[in-house]
Amino acid sequence: MADTSVARCYLRDAGVANGYEQPVNWARIVVLVAMALPVFGGLYYALLDFLLFG
Numbered sequence: 049m050a051d052t053s054v055a056r057c058y059l060r061d062a063g064v065a066n067g068y069e070q071p072v073n074w075a076r077i078v079v080l081v082a083m084a085l086p087v088f089g090g091l092y093y094a095l096l097d098f099l100l101f102g
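Residues in the sequence shown are numbered consecutively from 49, following the numbering used here.
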């Protein structure tokens, strides 16, 4: 029977369930951070605008 739990799939994909850890993929992390920054920046700006100028 296949193990379909989300946590197990995540750990298997991350390479930590096999007894060894894969090296961190820094390029992937940089791309994800670069994609997330405008979103969080926009939310921060909207919150600041709302708090200051109501």
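Cβ coordinates follow ideal geometry from the N, Cα and C atoms, glycine included.
Q) How many Å lie between LEU80 and TRP74 at the Cα? A) Within the sequence shown, the letter at position 32 stands for residue 80. Within the sequence shown, the letter at position 26 stands for residue 74. Each residue's alpha carbon lies about 10 Å from the other.
Q | Unbroken alpha helix (DSSP H) run spanning ALA71, endpoints | A | As a working note, residue 71 is residue 23 in the sequence shown. Reading the sequence as shown, one finds Pro at residue 71 and not Ala. PRO71 -> no alpha helix (DSSP H), and no H or E assigned at all.
Q: Return helix, strand or coil for ILE89, following the three-state DSSP convention.
A: Here residue 89 is taken as the residue at index 41 of the sequence shown, counted from 1. The sequence given here has Gly at residue 89, not Ile. Here GLY89 sits in helix by DSSP.
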